[in-house]
Structure formats: structure tokens, C-alpha cells
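Each residue of the sequence shown is one higher than the one before, starting from 1 at the first, in the numbering used here. For every residue, glycine included, the Cβ atom is placed at its ideal position computed from N, Cα and C. First up is the structure itself, then whatever we jot down about it.
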Amino acid sequence: MGKIAKIEYFRVPPRWLFVKITDDAGNVGWGEASLEGHTQAVEGCLDAWITQYTGMEADDIERIWQKSWRMGFYRGGPVFMSALSGIDIALWDLKARKYGVPIYELLGGKVRDTLKVYAWIGGDRPADIEAQALSRKAQGFTAVKMNGTEDLGWLDSPSALDDCIERVKAVKALGMDAGVDFHGRVHRPMAKQLATLLAPHRPLFIEEPLLSEHLEGIKAFAQGVTSPIALGERLHSRWDVKPFLEAACVDILQPDISHVGGISELRRIAAMAEAYDVAMAPHCPLGPIALAANIQVDAATPNFAIQEMSLGIHYNTGGHDLLSYIKNPEIWDVEGGYIKLMTGPGLGIDVDEDKIRELSKGAEAWASNQTKLPRNLALFLSPSPPPLPRRLSFSPPEMQPLQNHRDSAPPSQPTPFSGSFSFAQTRCCWSRSTPPPPATTMDIDRRQSSSLPNGDDAGDDSEPESGAEKDRSSHGGRDREQPPAKTRKQPHMRSRASRACDRCKARKTRCSGKYPCAVCSRLRLQCKYTASYRRGRLPSIEMDTEETANAPRATEQQLTGGSGQRAQSHVHQPEEHIPSPVSIEHQTLGPPKDPRGLSTTLSSRNSPEPAQVDLQGHYVGPASGASFLLRIQRKLKQQRPTAPSDSSIFTFGDLPLPQFDPRFLILPPRSEAESFLCRYFEFASATHRFLHRPTVETWLRELYDSHGTMREQATARSRTALLFMVFAHAENFPKSKSGTVDPTTSARFFSAAEDQLSAEKGAIRLTSVQARLAQCFYLLSHSRLNHCWSLFGTTAHLMLALGIHRKSRVDANSDPDHVDLECRKRTFWCAYNLDTYLSAALGRPRTFHDDDIDQELPLCVDDYRLARGQLGSLATSSLQSIMSGCIAHIKLSRIVANILRDFYGIRPPSTESQYKLAARYSKDVDEWRTGVAYLVDMAGVDPSLLQPIFLRQQNVLNLACWHAQILIHRPFLLRNFASLANLGTPRRGNANHNQHLTNEHAQACLAAAMNIVGKIDDLNSSGQFYNTFWFSHYFAFCAVVILYVFAIQQRNAPPETYLPAFHAATKCQLQITSIAIRGSLAYRYGVVLQELRAELLRHNAHLFALATEQGEGHVTGMEMPLQAGELNLDRFGNADLVDLQPGHMGLDSSSGNVNPQLSIGQDDGLGFPDASPGSSIIQMTGWGQFDSLVTGGLGDLQSILGVGDMEGWNIGMGDEIHNAL
């Protein structure tokens, strides 16, 4: 015997309340009194009992239970019973530990050795449910429980139930059983429908179909369904359970041991249920002590069916899960849907008291994040009125629902506010019977938006006034208050066009529906109505007169633009005049002198507007090169992924990733996680190797040995996030499938890593920086450029704060951590590499500056040699190291960084400087390639003999080298895209004195581009081309642009000069777009390349005729039904693409046949010479700005150039070219 000496309780995360009782002999017992959302109330109850029970015999469990229940005037309820549960469980644990036996031995002995268990899964989409069910199946579970549906109204749409059925079907298709938890969210009319729909799929049970207070409703419900009914988590004693047993409306009882008074009361409830042939499935979404107590009762209960486990449930956040507070988590390993019965004394678990005491310090009470009412109650209980119609003003005085307007106070006794609901039209009106208040912000906003184009009233968008509203308007005239500054237009005056003219219909623009329409009248174009009409009876068209009500109808001859004499009217119809670019340039804007009269043929290449100029007066109309860029920008905006208006400014415009609840993530099986790690280091991480593999492998073992908690809490979050990002990167490149990779699985790991990093606290750690850097690479692979850009900025600043951009000063007498030192170097230089290519691809400034950096390059030492302390760099001639490719890429990125600074800076170099810079950097790249020849030039070696990581490094380094050559030489091929339309035409001005050198640079650029498209073809042919290869897509895009530009330049040359480049570019474009996901960066690249290809066909009659003859068909946007063999592509193999000689491209400078259009010092075709660097065209249409435009970084080009109304511009030129094909 021993008396109770001490009672303590501990509030611990995520939401649990543990109780510890110690007797005077030093024996201890643990209990759990968790009551979700009411922790403080239970603590208050425990405080009251501590003084009462201290000094009582600890073995007198039943006496203490009955004293608690019967000695108070008030009894029962969740708070009272939860506190009692904590004490009762702790007393049972103390007594059994003292005797050295499990608790079930004190309950009469066990009746089973294993127990069937189930886990919880969540998600709103069947795909999410399937993924989580698969994870649970991998953990050993064969049954799960899932939410049925969200809150439903008393009578909701039956379609709201469809998602639940699909989720259940997804789980059942995996061979698993599924219980469906209605959670009391559904009222009886909808619950009956949902249960009927679920019946064919045979759910394991239906939990809480109605709230427990509706006993009569549950009884009627149970009589009409065939699925087992489960409930009991909101019943707190055997007296609460008794009515349900007597009503025979429950098949599976689910009392919660932490809410019903502990082991003593749960045992009695189980005995009662057995007498009514009701099974027991104790509810337990709580902590390890509650689960252990349940299992002790389950072991001695004949009518036990299945036990709930909270392992990985979404409530367990912050890295704290079911196994976090016990030292023997292996006791709950699940095999085949069962766990083995514990055999240890007491509860059978080894509680980690030190951890409990540590984490209880300053722990906050858990509170539900439910911040909004169910939608069926929000309308009536909301403290503010529903949204108001646009016409009505709102002021803050108090409001009262209007019960009956005819019973309201007379005008002499005004009420503050009155309101009425009209559910049929889903609108709410509020009126005031006192004088109107001053105008509020809503009034001002409404008045500012009160008019629309063409004089339409903004109020015309609202519904006509209902009959009830008319009655209220006539009854006092004050119910529908109108703004004093505005007169409401009558409903019959609403303007709605029933038919659009041909021009507006073709362009899908708003038409006034009159003759002539407002747009055609403004542009001085002939307005026609000749298109077929398929909406019933052909409507008549009003003439555009001042008096619309008595306006005459247009004649058929007028509508069709016939050759007969027009009907005379007082509306002036001006003659059509479409000035050509020549007339605009020479300021001859008068109408043409044509005696034959008006021409009805509209040229798609002329502008119906007066001359368009930029802010400096240079022509930027539809015939200029700027129109090509404007067409690209318009199409890119059309292809931009739809994003909600409340999207973050840091991610707006990005291709959205699948959304998951980051609090709920089930770890993959250990073997699968190990395969992920191997895939990351052996394929995914080619030249960006900033992690130390043995260290990451150690962390992975720790993650699984500790069941996801990690041992070192200070770095647990960053290390866990880093492991999740390794998993995500591995999922980007599955071995079994190349091409288009679905981001669903990998995005789950990314969300979990983001959740871990967002909760990280304390000092900056290297692992935190590495995890965020891994996130940047992942975001790029899934086209989240803006998110990556903002996150990289944060990561770079953390690096600077951590000081890893500076050389570490190591004391010779100290024993430094060489692994940490090397990881610092690797991490920084990989970030430097990423910074360089982000700057090149996005056309944005770099974050790191070479003047601030003195960090050393990493050692050329493999990870396992580094772990053993072997720090000597390998000789390149003796043995190849995996780090060799990483260091080579770093060295190349430093050269590229200098190229970007000198060639593409805000102050472009002069022509002579460009020649000198190009010579210098060409030499640097050539020397670099010679130094790493053993990595990039493996002629005669079968690629299949190379390890995947070395083959990946070879491909990456070659592509990066050729891309660097393109950056050096492409300014000699094209100055800016505004002059693209004029390339290949005879030039005026002085010949370039360095034409020979210019052509050499152009030839080098073309050779590099052909090498890139050849390598892309190799990757595609070998099944190693993924849509997650962000850098490869960017390199390929740069190459195809070069080849198309060259083909445009050479349009006046013989076809054999540009056909190889055109064919190679077309093939590479198809390979990029064939694996692109809509809205991704590769897809945007395809949009730009398609428009550039259309520009080429528009300028090249031979290619246009060839494409027409080959039958390209109707092509719009991204659609390109060309195959590799079309347009004679099969004539050129990979060797042909790489080994094309200068003569094939028409650039054989030795023959003296120099193409004049390649001169960069001549007139650029825009009306101003090369020495005009201040021109807005030159500034905004260069290579760097073109890259920024493609990736969405450049602002609105139309506003930047100062271009006004583009209504008359034919910016759909590309579509017309494709339509012509």
C-alpha cells in the first residue's frame, strides 16, 4: 500500500495534457486528461482535486473514482470526466507497475494477443486520398478513417456529396477498408442521401451521422441504412451511452478513454455494450498515454472490434507525434493491419519524462483554428450584414432584421435600420428610414465606377427590379436609397447587343450592335454584318443616331457593304483610309486618290491608326519590330496561369503547385526513402552538389529510427526539411518514366519542408540555408520563377549573414570540421552558380558581386573520402571525382557572370569594346573547355558505359559551355528585336569595316546553337529528357531563337543556306513543347518560339510555300502537329546538326561572299543610327530585355514604349499566318 504523495500535470505539444501521480514509496503512474480546446478548464478541475486526493491510498482506484462522481452536486460533462480520466489512468498505471504486470492482468487477463488498428487520412481530392491511403498501406494499415464531407446545409445540392463517394472509391480500389466520419456536420436530409450513396461501396462504418443530441433522429436514421453506425466520442459516461443502447441505434460504440472517466468507466461501458451486442472501437485521436490505456482495456474486452491510432494525424504538428514522448516506439509497429499486445508493466510504454518536462515549459494550450461558422448558420449569426448590392449605400449604425415592412414604425417614429432577405434571388437589402447619412467609401467607389465605355450605365449590370422591390419602393419611397449624385436609368433602357459586326465578332471585342458600330466608327472602317447568324431569327440592326428610340433600321445593302448606292442618313460615314507604313513615315496621311472609289479589302499588314511613336518620337507602329514583341507579350499574358487575386506578390503569375495540408505527411517506407536519396545523389544533383552524402544518410537513419522526431531539437526542423527536399528532387526524375513528370507527389514533400522551415527558430544554420537552396532548385523545375526569385533573395541574404561568402580562417592548431568547411564552400558556390543563370534567364541583376567574395572553391574530393579525412584533391589524370563536374561548372559560371556584366549591363559597350570582349571571353571559354576535356569530350566512349551521374555532368557541362558561347556571340547576330523585321533587307549607310570578324562571331554563335539542339535530340532519343530539366529547356530555347533569327536574316539567300537551321530549330521546338505542362516555363518558351516561327514564315515566301505544301494545317498558339520527318527533317541526323560547315550556313567569309545584313554598325532599320543608345527601342528590345519579357519579368511593354490605343493593331499576326497554313 502507498499513499498519494504528489499529483502533477504537464501541458505538452501538440495538444495533450499528461498527469503524473507519485506515491510515498516512489512508484509513479501516468495518465492523460487531454480535452481538445479546453485545456485550462481541465487544469482547473485537477487543481481542485489535487488537494482532495493527496494522502489517499493510491490502490483505492474505485473509491477515488466514486468520490469524484458522487460527492459533488454537479457531475459529468467533458471537463469533469476528462480530469477524472487523467487521474484514473495514472492510478491504474501506478498499481500495475508496482505489481510488475500489465493493466489488463488486473482487469481479468487478456482475450487476444494482437489488436486490429486503423489510422486517419485527409484530403479534399480523390488523388490526395489515394496517395495518403497508399502511404498508410505502406505503414502496415489495412483500414483507414476519413472525413465524409464539409458542412452542408439542411437541404444542400446532391452534387455536394459526389466528392465523398469518389474518395471512398479511391480507397476501396486499393483493397483497404474505409470508415467515413460525418462528424455531425450533416443534417438528416443530406445524411440519408449520403448514406444511401455510400451503401454500395460498403464502408467499414459511418461515424456520427448526426449529432449525439439528436437521439430520435439517429434512431430513425439507423433504421433506414445498412452500414454500421458508430458514435460515442461525445458521450462522457455510461449514463450518456445508455439511451443509445436501449434505442438500438448504434452498432459500434466509440467512447474516448480521456473523456469518459478513464479505464474504470470505459471497462463498464464495454460490459454494457456487450449486453446489447454492440462492438467497441474506442475513439483515440490523442496522445500515447491515451492509446496505451485503450489497448489495455481492449485486450480484456470480448466485444472489441478495432482501435484508432493517431499516428500522423493532422493535429500532430510541430514535429510532435504519437511516438514523440515514449522511448519504446517499436511496440506499435503495424503489420498487416494489427499491432502486438504490449507485455510491459502498467501501460506498457516507457514514458520520456525528461522530454515531457522540457517541452511543457511555456507550452500554450491548443485552440481550434475554426474561425468561421458553418455556412448554413453564417447568414443568420454573422455580426455584420451580408454583402450589399452595388446601388445601395451602407453606414455603420445598428441594424435590425425587418420582420414585416407594413408593421414598421411610421415616419414620425423612425427606426434605426430595417432589412429584408430575399432568398430566391440571393440578395439582401437594407434600408434606413432616417435621412441619408454622408457618403461613405462605398458610395465614392461606386460613383467613380458609375459609367462604362460607350455611355453604358454601370447599373445596367444589376438585375431588374423585382415585384417585391417595386412594392417597397412605392411604400414610402425610402427602401431603395439611391445616391444623390446619380439618376437611375430605367430597366428598359438597358443596352444589350444581340448581334456583333464582322470585325468585332472576329476579334471577340465588345460591339455596340448598331450600324455603324462604335468601334468601326471610331476607326473609320466600313462596318459589315455579313457573318452567319445561328441564334434564331435574324435581328434588325439600328442606325447609330442620336434618338435611339426612333432610330431607322439599316438596310441589307448597308449591312453587307454592297456595291449599290448607300442609303442616305444624317450619320456621316467617312471614307475608309488605311495609311501604309510608308505614308506614315513620310507624314502623308491623306486618303488615297483612287477614282474607283472605296476599297473594302483590309490589309492585315497596315494600321488603321495614325502613326504610333514611342516616348522619343521613334515609330513603333504595327509595321515595326516592336509589334512582334507586343504580340509575344499579349500571348504570354493569355497563357499565364490563372491565379486568385489574393495571391502573394512573391508568387503571382507562377504555375501553381498542388496544395496539401503540410501538417499531414506520412513518411514513405524506409526502403523507398533510401532509393530517393540514391536517385538524388546519383542523377538529380549533377553539378549542384552542396550536400555531403554520408551526413544526409545519417540524418535519414535518424529520422526513421526516431519515427520522425530527430534527436537534436535545435536542428531537427532544418534537417527534416532538407530530407524532404531530397525526396522531392528525386521524385522530379523517376527512373521508370521520362518526359512529363506530374508534380503531385513531389509537391507534398515540398509543402512539408516549407512547413518545417516556416516554424524554425533560433540562429541561422547552414542546414537552413541548404534546405532553402534546394527549394529554389525545385521551384525552378516546376516553373515557379517568381517564388524562386524571392526565396533565393532570402537565401542569399542568409548566406551573407552566415558569412559563407568569405574564406574561413582556420587555426593550424585547432581540429576543424572539414565536412562543415567543405559544405560551406559547396553551398555558396552552388548558390553563386544559380544566381548567374537566374540573371541570364530572367534578364535581372545578379545578387552576388565578385568584389565581395573571397571564398575558396571546394576541394575535388568525393564525399566518402572527405568523411574519412582524406582531404587531398584528386589528380585529374589519375581518377575522376564526382566533384570534378561541380567545380568545372562553378568555374564556367564565373566566366558567364563576367559576360553578363560586360555585354548585358545597363551601359552596353561600344562596338570596338564588343570585339575585344568577345575575343577575351572566347579565349576564356576555350581554355576552360581544354582544362575539362576529360569531362566534356569523351569521343569514342559509349555513353552506356558511363555512370548516370557522369553522363549527366557531361551533358550539363556541354550545354552550359555552348550557352556561354551563345551569350558571347549573339550580339553580333542581332542587336535588338525591334530591328528583326528589317533583317535581310538591303541596308543604307556605310559598310562595317569589321564585317569579316562579325561573321566569324555569328558563325560561332550558330555552331553553338546547333550543338545544343543536337544534344537535346540525343537526350530525347535516349529517354533522358524531363520537363523538370529547367536549365536544359532554357539552353534549348536560346539555341532555337538563334536559329530562327538566322533563318529570318537569310531569307533572301538560297534555301540551302537556312533550311538546316530551320529544320533543326523546328525539331528542337517540338521536343520542348511535347513534354511541357500548360502554363509552365517550357510552355511559355513554346509560345514565343511559335510566334517567332510565324514571323519567319511571314518574311520567307519559300518556307511559307513549303509549309503550305507539306500541309501543316491550322495551327494556333502552342499546337504544332509537325513530326520529326516532316519538312525533310529526317535528312538531318544528329551528326549533321553538329557538323554543319560554315559554307552550309552562307557565312563562308573566306569566299568573300559576305552578307551585309550582319553588320552591327549600320543603320538598324528604325530610323536612327547605332550611336543612339538612349532610344527606348534600343533599351527595351535587347537580348537581356527579351529574356525578361519571355519569363514575365518585364513590365507592360505597351506602356513602357508609350503606345496608346492598340485597337487597330493586328497583333494576332501569328494566328493569321497559321490560319493561312
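key: Per-residue DSSP class, three states only, for F690   = coil
inquiry  = Could you compute how far the alpha carbon of E216 sits from the alpha carbon of W789?
reply    = 59 Å
inquiry  = Using only CA atoms, which one of E1000, M1010, Q995 and S913 lies nearest to L959?
reply    = M1010
query = So what's I649 in DSSP terms, helix, strand or just coil?
reply = coil
key: Whole runs of the alpha helix (DSSP H) within the segment 157 to 202, excluding any shorter than 4 residues   = 162 to 172 and 188 to 198
inquiry  = Please state whether the Cβ-Cβ distance between S781 and N732 is less than 9 Å.
reply    = yes
key: Stretch-stretch touch, CB-based, cutoff 8 Å, three pairs: the segment 219 to 226 with the segment 54 to 72   = no
query = In the DSSP assignment, what residue or residues form a beta bridge with V19?
reply = Y9 and G31
request  = To the nearest angstrom, report how far apart E760 and S718 are at their CA atoms.
outcome  = 7 Å
query = Going by beta carbon distance, what residues of the same chain come within less than 7 Å of T740, once the five residues before and after it are set aside?
reply = N1027, I1075 and I1077
Burial state of I906, where buried means 16 or more other Cβ atoms lie within 10 Å = exposed
ask   = Do you know offhand how far I1072's Cα is from E1091's?
value = 15 Å
ask   = Within this structure, are the beta carbons of I313 and A119 separated by less than 9 Å?
value = yes
inquiry  = Helix, strand or coil for M146? Go by DSSP, reduced to three states.
reply    = strand
request  = For A796, I'd like the list of residues in its chain whose CB is within less than 8 Å of its CB, leaving aside the five on either flank, ordered along the chain.
outcome  = A831, D835, T847 and F848
message = Using a Cβ-Cβ cutoff of less than 6 Å, which residues in the same chain neighbour N316 once the five nearest sequence positions on both sides are dropped?
response = P14
query = In terms of DSSP beta bridges, what is Q307 paired with?
reply = V117
ask   = Below 8 Å, can you find three or more Cβ-Cβ pairs linking the segment 40 to 57 to the segment 108 to 119?
value = no
message = Just to confirm my understanding: we take N955, look at its own chain, exclude 5 residues before and 5 after, and list those with CB closer than 7 Å. What are they?
response = K1015 and L1019
request  = Give me whichever residues DSSP pairs with K514 in a beta bridge.
outcome  = E542
From F1037, H236 and I666, residue whose alpha carbon lies closest to that of I129 = I666
query = What does a CB cutoff of less than 7 Å around L359 pick up in its chain, not counting 5 residues either side in sequence?
reply = V12 and P13
ask   = So, are the CB atoms of K20 and G37 less than 9 Å apart?
value = no
ask   = Using a Cβ-Cβ cut-off of 7 Å (strictly less than) and excluding sequence neighbours within five positions of A771, which residues of its own chain qualify?
value = S718, A721, L722, M725, A753 and L757
inquiry  = Which of the three DSSP states is assigned to E57 in this structure?
reply    = strand
query = Quick one, are the C-beta atoms of N898 and Y921 less than 9 Å apart?
reply = yes
query = If you draw a straight line from the alpha carbon of T322 to that of V351, how long is it in whole angstroms?
reply = Here the sequence assigns Leu to residue 322, which means Thr is not the residue at that position. So the alpha carbons of these two residues sit roughly 12 Å apart.
request  = State buried or exposed for M309, treating a residue as buried only when at least 16 other CB atoms are found within 10 Å of its CB.
outcome  = buried
key: Chain-order list of residues whose beta-carbon lies under 6 Å from that of A5 (same chain, five-residue window excluded)   = T22, D23 and D24
task = Could you tell me whether the Cβ atoms of G957 and V925 are closer together than 9 Å?
result = The question names Gly, but residue 957 in the sequence shown is Leu. For L957 and V925, no; Cβs fall outside 9 Å.
request  = State the Cα-Cα distance for the pair E712 and T698, rounded to the nearest angstrom.
outcome  = 13 Å
inquiry  = In the DSSP output, which residue or residues are listed as bridge partners for P329?
reply    = The partner list for P329 (beta bridge, DSSP) is empty, contrary to what the question assumes.
inquiry  = Assuming L802 and L766 are in contact, meaning their beta carbons sit under 8 Å apart, how far apart are those beta carbons, in whole angstroms?
reply    = 7 Å
ask   = Can you give the beta carbon distance from A300 to L107, rounded, assuming they're within the 8 Å contact cut?
value = 4 Å
query = With a Cβ-Cβ cutoff of 9 Å, do T149 and R185 count as a contact?
reply = yes
task = Output the residue ranges of the alpha helix (DSSP H) runs that lie fully inside the segment 58 to 91 and measure 4 residues or longer, sorted by chain position.
result = 61 to 70
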